[in-house]
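Taking my numbering, I'd label the letters of the sequence shown as residues 1 to 557. Glycine included, each C-beta is placed from N, C-alpha and C at the ideal position. Data block below; observations after.
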Amino acid sequence: GRSASGARRTLTRRAFFELIGLPPKPKGIDALVNDPDARAYEGLIDRLLDSPRYGERWARHWMDVARYAESHGYEQDYDRPHAYPDRDFLIKAINADMPFDEFIRCQIAGDELHPDDPLAMTATGVLGAGAFPTQLTEKEFESARYDELDDMTGTIGNAILGLTIGCARCHDHKFDPIPTRDYYRFAATFTTTIRSEIELDLGYGDKPTKAMVTSEGFPHMKHHADGRGFPHFYKETHLLDRGDVKQKKEVVTSSFLQVLMRNGKDDSYWKVKPPTGWTRTSFRRASMAGWITDTQHGAGHLAARVIVNRLWQHHFGRGIVATPNDFGVQGERPTHPELLDWLATDLIHNGWKLKRLHKLLMTSAVYLQTAVADDERARIDPENFYHWRRTPRRLEAEAVRDAMLSVAGMLDEKMYGPGTLDQNMRRRSIYFFIKRSKLIPMMMLFDWPEHLVSIGRRSSTTIAPQALMFMNSPQGRSYAEGVAKRLQGKETALAIREGYRLTIGREPTEVEQKLTTEFITRQSEAYKQAGKGNGAELALIDFCQTLMSSNEFVYVE
Numbered sequence: 001g002r003s004a005s006g007a008r009r010t011l012t013r014r015a016f017f018e019l020i021g022l023p024p025k026p027k028g029i030d031a032l033v034n035d036p037d038a039r040a041y042e043g044l045i046d047r048l049l050d051s052p053r054y055g056e057r058w059a060r061h062w063m064d065v066a067r068y069a070e071s072h073g074y075e076q077d078y079d080r081p082h083a084y085p086d087r088d089f090l091i092k093a094i095n096a097d098m099p100f101d102e103f104i105r106c107q108i109a110g111d112e113l114h115p116d117d118p119l120a121m122t123a124t125g126v127l128g129a130g131a132f133p134t135q136l137t138e139k140e141f142e143s144a145r146y147d148e149l150d151d152m153t154g155t156i157g158n159a160i161l162g163l164t165i166g167c168a169r170c171h172d173h174k175f176d177p178i179p180t181r182d183y184y185r186f187a188a189t190f191t192t193t194i195r196s197e198i199e200l201d202l203g204y205g206d207k208p209t210k211a212m213v214t215s216e217g218f219p220h221m222k223h224h225a226d227g228r229g230f231p232h233f234y235k236e237t238h239l240l241d242r243g244d245v246k247q248k249k250e251v252v253t254s255s256f257l258q259v260l261m262r263n264g265k266d267d268s269y270w271k272v273k274p275p276t277g278w279t280r281t282s283f284r285r286a287s288m289a290g291w292i293t294d295t296q297h298g299a300g301h302l303a304a305r306v307i308v309n310r311l312w313q314h315h316f317g318r319g320i321v322a323t324p325n326d327f328g329v330q331g332e333r334p335t336h337p338e339l340l341d342w343l344a345t346d347l348i349h350n351g352w353k354l355k356r357l358h359k360l361l362m363t364s365a366v367y368l369q370t371a372v373a374d375d376e377r378a379r380i381d382p383e384n385f386y387h388w389r390r391t392p393r394r395l396e397a398e399a400v401r402d403a404m405l406s407v408a409g410m411l412d413e414k415m416y417g418p419g420t421l422d423q424n425m426r427r428r429s430i431y432f433f434i435k436r437s438k439l440i441p442m443m444m445l446f447d448w449p450e451h452l453v454s455i456g457r458r459s460s461t462t463i464a465p466q467a468l469m470f471m472n473s474p475q476g477r478s479y480a481e482g483v484a485k486r487l488q489g490k491e492t493a494l495a496i497r498e499g500y501r502l503t504i505g506r507e508p509t510e511v512e513q514k515l516t517t518e519f520i521t522r523q524s525e526a527y528k529q530a531g532k533g534n535g536a537e538l539a540l541i542d543f544c545q546t547l548m549s550s551n552e553f554v555y556v557e
């Protein structure tokens with residue numbers, strides 16, 4: 001059995017946060033609740049998927065998986081000031097509902113597949129987004145380069161195939177059918193792939209924009225190890241015994257995972273030849289892009305299962321495979337394998353379109369359930385693996401901060417362009433500059449990732465400083481002032497109702513209305529006694545701060 005369908009008010013808030021990461025406005029909730037059309041909720045999903053805010057929400061999920069950041073990491077942690085066009089590519093591609101197989105191909109080889117498309121060029125930035133130790137001695141040059149190849153290989157494995165390919169660097173994979181030779185041949189695809197900064201016409205104003213790309217044949221991106229002659233790449237990749245650069249075996253050529261080359265095909269089947277006269281890149285990545293998205297003979301069906309599982313996880317709180325980055329033997333078994341397979345096949349047959357998949361999941365009976373608990377079912381399935389109810393979930397860092405700005409009427413909706421480290425900026429959180437050694441404190445409070453390796457699932461911790469951020473940080477207070485400003489001039493009863501509707505999307509109960517009225521009266525009086533002329537105003541801010549500190553503000557049913 002399962003729980004009854006949730007009320008439209010709850011569903012509106014659920015859909016808003018999941019698709020665009022922002023709270024619905026009270027008018028929007030009313031419109032849906034009072035709409036006589038039985039399909040009004042489906043219409044809402046369509047509108048949210050069409051919103052430019054959708055790409056800002058879902059690009060951030062992919063940035064976790066792709067370990068996106070804008071600095072080299074390690075002690076020196078030099079900035080990569082031109083990395084942001086890749087983040088903008090993600091937002092644009094997701095908003096445009098770019099088919100997911102094409103989205104993958106662009107990130108692996110956009111520069112080879114679409115050399116004349118600046119946007120596809122910026123997509124490759126993600127390959128080089130990993131950390132890199134710029135303080136190298138000559139002794140470390142070669143091992144550092146193999147680490148870079150490992151970072152590209154491991155990230156593609158985790159992010160796209162849900163496989164821990166990196167485990168095969170020093171020995172055959174202990175659990176999955178990935179021999180060391182497969183690992184090195186996979187890594188050899190990136191032998192000459194390096195970070196470069198090139199000028200592209202990305203439509204930001206009149207002049208070209210400098211963008212970090214991960215390609216071949218462009219001048220390398222300058223960094224600290226250059227001074228000592230770091231070569232940035234070596235012409236060949238060797239199979240290393242136990243992963244040790246001092247124990248080189250034979251030179252390996254680019255190939256893919258044997259276990260995912262099916263029906264008697266070998267790597268020659270996917271080999272893409274460069275156009276006549278082309279010398280800049282090797283087209284090894286273009287070949288990989290073809291194999292990884294080939295649903296018939298290559299890894300495409302697995303790639304489809306992995307992305308379907310990621311969407312499922314974001315909509316239901318837990319993936320059908322609970323370890324989204326590891327579909328191997330060490331990962332969790334899927335709770336509903338046939339469903340996962342069916343959804344992946346459905347995605348492929350419908351052109352890899354993710355917006356359609358969101359809608360399919362969000363209009364399902366499972367999704368529409370309420371969060372009401374039930375002792376009988378809780379005894380059978382306490383962890384709710386089989387989805388007999390909706391498990392309420394805390395919002396992640398971005399959605400907490402963006403929601404506060406939104407209800408305070410302070411959100412700046414400007415899209416794209418360079419990010420910032422200023423905690424007080426008013427743009428959406430996806431536009432923070434991600435400097436690995438200087439992560440934004442407020443975001444870290446709510447489990448922002450470290451941005452070092454691919455993260456398939458963020459943790460969700462509850463710690464005291466989170467409450468303190470709402471209760472006595474200057475930021476928490478300034479957001480509360482913003483909400484109060486929107487309520488000023490209304491008589492108390494109405495201000496209370498509107499405050500509830502703005503922040504947590506519902507009317508107060510009679511008891512809440514009564515208690516809040518008493519609270520505001522008492523607070524204003526206390527402020528007046530303390531000689532403050534604006535007691536009523538301060539009391540209203542306190543009320544708004546209380547609402548934003550409530551569980552209902554940061555949890556979605």
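State the start and end residues of the unbroken beta strand (DSSP E) segment that holds residue i.
| i | result |
| --- | --- |
| A211 | T209 to S215 |
My understanding is that residue i touches residue j, with C-beta atoms under 8 angstroms, so please give their C-beta distance in whole angstroms.
| i | j | result |
| --- | --- | --- |
| K246 | H238 | K246 to H238, Cβ: 11 angstroms. No contact. |
| T164 | G328 | 6 angstroms |
| L502 | P177 | Going by Cβ atoms, the distance from L502 to P177 rounds to 55 angstroms, so no, they are not a contact pair. |
| Y204 | G417 | 7 angstroms |
| A289 | A109 | 4 angstroms |
| F385 | T335 | 5 angstroms |
| A38 | A83 | Not confirmed; about 46 angstroms, so no contact. |
State the beta-bridge partners of residue i as determined by DSSP.
| i | result |
| --- | --- |
| T420 | F432 |
| L200 | T209 |
| K248 | L240 |
| I194 | S215 |
| Y555 | R394 |
| S71 | D79 |
| Q488 | DSSP output for Q488 lists no bridge partner at all. |
| Q475 | Partner(s): none; Q475 has no beta bridge. |
| D412 | R427 |
Could you give the residue range of the alpha helix (DSSP H) that holds residue i?
| i | result |
| --- | --- |
| I91 | Y84 to N95 |
| Y146 | F141 to I156 |
| P26 | P26 to V33 |
| D326 | Taken as a continuous stretch (DSSP letters only), D326 belongs to no alpha helix (DSSP H), as it is neither H nor E. |
| A530 | Here A530 belongs to no alpha helix (DSSP H), and DSSP marks it neither H nor E. |
| P441 | P441 to L445 |
| M63 | P52 to V65 |
| Q466 | A464 to N472 |
| P337 | P337 to H349 |
| K355 | L354 to M362 |
| E332 | No alpha helix (DSSP H) contains E332, which DSSP labels as neither H nor E. |
| L452 | Counting along the chain, L452 falls outside any alpha helix (DSSP H), and DSSP gives it neither H nor E. |
| A187 | T180 to A187 |
| E18 | R8 to I20 |
Alpha carbon to alpha carbon, how far is residue i from residue j?
| i | j | result |
| --- | --- | --- |
| R284 | K271 | 7 angstroms |
| A344 | I430 | 28 angstroms |
| F470 | Q545 | 7 angstroms |
| L538 | T462 | 29 angstroms |
| E557 | Y183 | 43 angstroms |
| D50 | K355 | 9 angstroms |
| L411 | I504 | 17 angstroms |
| A536 | M548 | 19 angstroms |
| Y234 | W448 | 35 angstroms |
| A168 | H220 | 29 angstroms |
| G264 | H297 | 8 angstroms |
| S364 | R428 | 30 angstroms |
| M560 | A397 | Outside the displayed span of the chain (1 to 557) sits residue 560, for which this structure offers no information. |
| V213 | E102 | 18 angstroms |
| T253 | S282 | 12 angstroms |
| H349 | L468 | 49 angstroms |
| R8 | V259 | 47 angstroms |
| G351 | N95 | 16 angstroms |
| P474 | A484 | 15 angstroms |
| R280 | V366 | 51 angstroms |
| T153 | R60 | 21 angstroms |
| T191 | L149 | 7 angstroms |
So, is the C-beta of residue i closer than 8 angstroms to a C-beta in chain C?
| i | result |
| --- | --- |
| E338 | Although the question refers to chain C, the structure presented lacks it and comprises just one protein chain. |
Unbroken beta strand (DSSP E) runs of length 3 or more, entirely within the region 91-135: which are they? Taken in chain order, the complete beta strand (DSSP E) segments of 3 or more residues contained in the region 91-135 number zero; there are none.
Whole alpha helix (DSSP H) elements within the region 238-316, 4-residue minimum: Counting only runs of 4 or more, we get 284-292 and 300-316.
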